[in-house]
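Q: Submitted below is the structure of interest, expressed as C-alpha cells.
Residue numbers (full-length UniProt numbering): 1 to 716.
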C-alpha cells in the first residue's frame, strides 16, 4: 500500500509541475519505486535491526516477503542464472522454490532412487542388474507394454521408456547441458519358451507325474562313455527294462555337453521315452505308443540346417551319433577304403598368383572355418581314399573341408590322418589338433569340369604345334629343292639340323657324363658363393661385437696389483685354508664376473670374518686363476688358495691383518655396474659364438674349394 501511494503521488507531481528539474526528480523517484516493487529486498533490508547481519537477513527475509505477499503483484523477478545461460531469467513470485519446504521431499526422492544410484556392495553384475530392472519396473508400472513393444528385438522384452520432461526448453528457448535428445530404453533378455518333450506330448499327465516321482528315487544307472550310445549300452538298458519300466542313463563327454541331442539319440536307438532330465542324467521309460518326429523336424529345421544338409547330400551316410548341433556330418568310417581309379586332382595356379598362403590369408581362412559345420567325422588313420574323393567333391561347392575326430575311437593319430589326406587330395592343411582337421582346397585347385577344359585346350595346342612343325619342315625341304641344295643367306638356321651341327662342332659331343660334371660344378660354385656370403655377414657381426666389447672394456679400469703384499707363513696359510673350506657362507660369482656388486659383497663378508670363500663355476682353470688374481687386486686382500669343490672352484681370500673397509665411491670408480657387467658378458658370449660359426664356414669353404679342384682335374 505504501508503494502504491508513493507511485500515485509521483504521477501527480509529474503531471501538474511545470519545472523541468522537478519533473526529472519525479521520474527518478518513479523508477526507484518500480525497482523496489520488482526487488522487495530493497525495502526488507532497510528494515533490519542494526544488530542483525544484513547478509543473513537478506537470505531469510527476502523469500518470506514473497510468501506473505504472493498475491500482491505478478511482476517478474530477475533471479541469479547459471554461467552457461545467455539471457536473464525472469520468474513470477509464485514460481520461486521454497527452500524450507523443499528439504523433506528431497529426502523422500533420494530414498526412492537410492536403489538406482547407490553402489551395490558385495554383489556383482547379474544380481545388481536384476535389482535395477526390478526398481525400474516399479517406477514405470503405469506404462502400456503393447504400445512400446519392439518388433525387431524378439529376444528381449521391452520394459518401458524413460523420458525426461523438459519444461525449461519452452521457457528459456534453449537446451540445458545435461539434456539428451535420444531416448533411453531398458531391455531385459527373455527366457526361452520351454518346448514340450515327446513324453509330455504322448503320455498322460498322471502317468508322467508318477514316472517322474519314481525316477527321482533311482540310484542305479548305465554309463555312456566317449564312444556314445553303442549297442552294448542299448542292451544294458533293455536288460534293465525287464526288471523295471524305467532305466537311468548317465552321459560322459561329449554328449553331456548337449543333452537335447543325447535325448534324441537315446529315444531313437532304444525306442523309449525320456521322462526326466537332470544334469547329465536321463531316465528312459520303456512303454508308450510309437511317435515319429521326422516330419516335424523337417518343418522346424532352420535355413542353416537345410542348406548344410543340401551341401552334404550325396557325399555318404550320415553319422547319427553326432554329439553337437545339426546338421549330421558324413561318417567317414563307412566310406570305402580304396576307390578304383582314384587319382590326386590336377592343379594349376592362376596367372600372377602364388600357390603359397600368406599369414593374413591363413588367419582369414581360419576365421572363416570356425563357424562352419563339420562335414565329416573320422575315426581311423589309413584307408582314406573314399574320404578323399568325397572331400574333392565337396570342394566344388565349398572351399574348406572340416573334419571332426571321433571321441573314444582307439589308436587315432590326427597327424597321420592329416598327412594321409593332404597327400591324397593335394590340399592345404590350415588347422589340426586332437579334435578336428581343417583342409583348404588351395588357390590352384581345379574342379573336374575346369580340368577337362584345360586338358582339351592343351591337347588342341599340341596338335597345332605339331601341324606347324611338320609344315615348317616341308617348306624347308621344298626350299632346298628349288635352290638345288645351295643355302641362301636369308634362310634362318634356328631349329634346323645345321644349327645342331654347328653347336656340336663348337662345343663337342654332348656326353651325359660331361653334363653331370657341369651340373656338379655349377652346384659347387653356387654353394661356395653362398658360404662366402654367409662368412662375410658373420665377419661384419664380429666387428660390431668387437666394437661393443671395446666400449664396455674402456669403462673398466682394473687395479694394478700392490707390490707390498702381506707375507704369510705356510702354517698361517694352511690354517686359513682349513677355516675357509669349513665355512658355510660363501659368495657365488655369476656370469657377470668381477664387478662393483661382487666387491661390496666381499667386503661385507670381511666385516664379520677374516676369510671369504668365493665360488666360481668356470670350466677352464686358467680363467679361474685370472678371476682369483682380479679379486685379489681389486680387494687388496691376500689370495690363500684355489680349491676344487663339488660346485666348481672355491677361491679363498684373506682380508689381511691391517684391514680397513674402503669407501664405496672409490670401489665404483674403476669397476662396472651390474647392468654394464651383464652387457659385457652377453657381448663376450655372442662374440665367442660368432667366431665359432665363422670358423665352421671357413672350413666348409676350404672343403668346397678342394672338391671343385678335384672335379676339374677329373674332367680333364
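Idealized CB from N, CA, C, for every residue including glycine.
All of these numbers come straight from a predicted model, not from anything done at the bench.
Ends of the alpha helix (DSSP H) at residue 205?
A: Taken as a continuous stretch (DSSP letters only), the alpha helix (DSSP H) holding residue 205 covers 205 to 216.
Q: Could you tell me whether the segment 600 to 611 touches the segment 646 to 656, using the rule of 3 or more Cβ pairs below 8 Å?
A: A contact exists between the segment 600 to 611 and the segment 646 to 656.
Q: Less than 8 Å between the beta carbons of residue 633 and residue 540, yes or no?
A: Taking 8 Å as the Cβ cut-off, residue 633 and residue 540 do not qualify as a contacting pair.
Q: Buried or exposed for residue 420, please, with buried defined as at least 16 other CB atoms from any protein chain shown within 10 angstroms of its CB.
A: Residue 420 comes out buried.
Q: How far does the beta strand (DSSP E) with residue 650 in it reach, from first residue to last?
A: Taken as a continuous stretch (DSSP letters only), the beta strand (DSSP E) holding residue 650 covers 649 to 654.
Q: If we ignore side chains and look at the alpha-carbon of each, how far apart do residue 284 and residue 269 end up?
A: Spanning the two alpha carbons is a distance of roughly 12 Å.
Q: Measuring alpha carbon to alpha carbon, tell me which of 302, 314, 80 ends up nearest residue 325.
A: The shortest Cα separation from residue 325 among 302, 314, 80 belongs to 302.
Q: Between which two residues does the beta strand (DSSP E) harbouring residue 328 extend?
A: Careful: residue 328 lies outside any beta strand (DSSP E) and carries neither H nor E.
Q: State whether the segment 678 to 687 contacts the segment 582 to 595, with contact taken as three or more CB pairs (one from each stretch) at a distance under 8 Å.
A: With a cut-off of 8 Å, the segment 582 to 595 and the segment 678 to 687 count as touching, because enough Cβ pairs lie within range.
Q: What's the C-alpha gap between residue 258 and residue 323?
A: Rounded to the nearest angstrom, the two C-alpha atoms are 7 Å apart.
Q: For residue 552, collect the residues of the same chain with a Cβ closer than 8 Å to its Cβ; drop the 5 residues on either side in sequence, then sort them by chain order.
A: Taken in chain order, the residues that qualify are 672, 676, 679, 680, 683.
Q: Which whole runs of the beta strand (DSSP E) in the UniProt domain "CRM" (355 to 452) are 3 residues long or more, in chain order?
A: Counting whole runs of 3 or more residues, the UniProt domain "CRM" (355 to 452) contains the beta strand (DSSP E) stretches 376 to 378, 400 to 405, 428 to 432, 436 to 440.
Q: If contact is defined by three or more beta carbon pairs under 8 Å, each pair taking one atom from either stretch, is the segment 440 to 449 in contact with the segment 409 to 428?
A: Contact holds: three or more Cβ-Cβ distances are below 8 Å.
Q: Report the CB separation of residue 385 from residue 338 in whole angstroms; it is logged as a contact under 8 Å.
A: Between residue 338 and residue 385 the Cβ distance is about 5 Å, and since that is below 8 Å, they are a contact.
Q: If I'm right that residue 208 touches residue 275 with Cβ under 8 Å, what's the distance once you round it to whole angstroms?
A: Confirmed, Cβ separation roughly 6 Å.
Q: For residue 271, is the classification buried or exposed, using 16 other Cβ atoms within 10 angstroms of its Cβ as the cut-off for buried?
A: Exposed.
Q: Taking the C-alpha atoms as reference points, what is the distance between residue 714 and residue 707?
A: Near 11 Å, if we compare the C-alpha coordinates of residue 707 and residue 714.
Q: Taking C-beta to C-beta, are residue 262 and residue 232 nearer than 8 Å?
A: Cβ atoms of residue 262 and residue 232: not closer than 8 Å.
Q: Evaluate residue 84 with the Cβ neighbour count: other Cβ atoms within 10 Å of its Cβ, from every protein chain shown; 16 or more gives buried, anything less gives exposed.
A: Answer is exposed; the Cβ neighbour count stays below 16.
Q: Determine the direct distance from the alpha carbon of residue 400 to that of residue 616, and round the result to whole angstroms.
A: Answer to the nearest angstrom: the Cα atoms are 60 Å apart.
Q: Measuring CB atoms only, is the segment 697 to 707 touching the segment 523 to 536, in the sense that at least three cross pairs come out at less than 8 Å?
A: Yes: the two stretches touch, three or more of their Cβ pairs being nearer than 8 Å.
Q: Rounded to the nearest angstrom, how far is the Cβ of residue 520 from that of residue 711, given a contact under 8 Å?
A: About 6 Å; that satisfies the 8 Å criterion.
Q: Do residue 333 and residue 228 have their beta-carbon atoms positioned less than 8 Å apart in this structure?
A: It is not a contact, given that the beta carbons lie outside the stated cut-off.
Q: Measure the alpha-carbon distance for residue 380 versus residue 390 and round it to whole angstroms.
A: Roughly 16 Å between the two C-alpha positions.
Q: Use the C-beta contact count for residue 205: other C-beta atoms within 10 angstroms, 16 or more gives buried, fewer gives exposed.
A: Classification of residue 205: exposed, given that the 10 Å Cβ count is below 16.
Q: Does the distance from the C-beta atom of residue 374 to that of residue 402 stay below 8 Å?
A: Against a cut-off of 8 Å, the Cβ pair of residue 402 and residue 374 comes out as a contact.
Q: When burial is assigned at 16 or more other CB atoms within 10 Å of the CB, is residue 82 buried or exposed?
A: The residue in question, residue 82, is exposed, as its Cβ has fewer than 16 Cβ neighbours within 10 Å.
Q: For residue 100, collect the residues of the same chain with a Cβ closer than 6 Å to its Cβ; drop the 5 residues on either side in sequence, then sort them by chain order.
A: Residue placement at residue 100 cannot be trusted, given a pLDDT of 48 that sits under 50; what the coordinates show is reported in the next sentence. Answer for residue 100: no residue qualifies.
Q: Using C-beta distances below 7 Å, list every residue in its chain close to residue 311, excluding the 5 sequence neighbours before and after it, in chain order.
A: For residue 311, where only same-chain residues beyond five positions count, the Cβ hits under 7 Å are 397, 398.
Q: Can you give the Cα-Cα distance for residue 218 and residue 225, rounded to whole angstroms?
A: Near 20 Å, if we compare the C-alpha coordinates of residue 225 and residue 218.
Q: For residue 227, which three-state DSSP category applies?
A: If DSSP states are grouped into helix, strand and coil, residue 227 belongs with coil.
Q: Straight-line CA distance for residue 315 to residue 240?
A: Those two C-alpha atoms are separated by around 38 Å.
Q: Reducing DSSP to helix, strand and coil, say where residue 464 ends up.
A: Here residue 464 sits in helix by DSSP.
Q: If you compare alpha carbons, which of 645, 602, 221 is closest to residue 661?
A: The shortest Cα separation from residue 661 among 645, 602, 221 belongs to 602.
Q: Taking the continuous alpha helix (DSSP H) assigned at residue 635, which residues delimit it?
A: Start and end: 621 to 635.
Q: Buried or exposed: residue 580, going by 16 or more other Cβ atoms within 10 Å of its Cβ?
A: Answer is buried; the Cβ neighbour count reaches 16.
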